[in-house]
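For the sequence shown, our numbering assigns the number 1187 to the initial residue and increments by one for each residue that follows.
Presented below is the structure to which this report refers.
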Amino acid sequence: MKWMIPKQHGAWSMLILPFVLGGIVGGWTLAHVPFAVAWLFVYMGTFFLFQYVKQRKKSSDLLRTVVTYLGISIVAAIPVFITEWRLVWFVLAMVPFGLVNGYFAKQKDERNVWNDVSAVTSFCIGGMASYYLGAGTLGWTIVWMFLFPYLYFLGSIFYVKTMIREKKSTMYRNVSWGYHLVLVVSFIFLGYPLLALAYVPSLVRAVVFYGKKIPIMRIGIVEIANSVFVLVCLSVYLYT
């Protein structure tokens, strides 16, 4: 088998931000260590599983990689579920969205916006699980744990479309600009300046970078930096 890493900068931000935010706000535990391993390998395993699904000529080497990664994730998850078995409900909540991603992989239509939305939903549910593992309780905070990262990543989907796949689409441009503007203005109007600040760089880059020829690697690096900023703002808001 080959040890491979997905080259998806945006997906790495989606994988890490909700998980870390959940740990910061809900509280870190020793169980977060195997949880992090399971979370990492289930992402890599499913990513390459979808690559395998869309292959016309199936690669046995790729399949071995998938089996190995998913096997590691299962083993790592065992102590996590022993610590808190209720996390199984979060796993079950992710399953339908994983099936949606599998469908789009089979159709070779991974760039479909609904495929992206489905993936973001799964990642944010994972953030809720990370929070619950530490906090051990439900309530409004766990709702915000899902909603605030989701709002950020949803905007990122629209923005990336305008920079890579839909450069000439005025519809995506208007959706991207309008979404980010409404998001920032809404939080200002509601009296949450820190939340508004969290999404300001997203609005700026959506407008300033539009129409410019920026390498995909640089777009990814900017998104990672933006994710760190969002993580800091949301952590301060939710932790305090």
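For every residue, glycine included, the Cβ atom is placed at its ideal position computed from N, Cα and C.
Only a predicted model underlies this, so the values are computations on that prediction, with no experimental measurement involved.
{"query": "Beta strand (DSSP E) segments (min. 3 residues) lying fully within the segment 1221–1253", "result": "none"}
{"query": "Cβ pair count under 8 Å reaching 3, the segment 1372–1384 against the segment 1415–1424", "result": "yes"}
{"query": "Endpoints, the alpha helix (DSSP H) within which Asn1301 is located", "result": "1299–1321"}
{"query": "Residue burial classification, Met1200 (beta-carbon count within 10 angstroms, cutoff 16)", "result": "buried"}
{"query": "Of the listed residues Tyr1255, Trp1326, Lys1347, nearest to Trp1300 (C-alpha basis)", "result": "Lys1347"}
{"query": "Contacting residues, own chain, Cβ-Cβ under 7 Å from Leu1389 (five flanking each side not counted)", "result": "His1366, Leu1367, Val1370"}
{"query": "Residue closest to Phe1373, alpha-carbon to alpha-carbon, out of Tyr1255, Tyr1423, Val1239", "result": "Tyr1423"}
{"query": "Own chain, CB closer than 8 Å to Tyr1336, minus 5 neighbours either side, in chain order", "result": "Val1306, Thr1307, Cys1310"}
{"query": "Collapsed DSSP secondary structure at Met1190 in the structure displayed", "result": "coil"}
{"query": "Extent of the continuous alpha helix (DSSP H) to which Val1410 belongs", "result": "The sequence as given places Ile at residue 1410; Val does not occur at that position. Here the alpha helix (DSSP H) through Ile1410 covers 1402–1425."}
{"query": "Within-7 Å CB hit, Ser1421 to chain D", "result": "No chain D is present in this structure, which holds just one protein chain."}
{"query": "Check whether Leu1319 and Ala1222 have beta carbons under 7 Å apart", "result": "no"}
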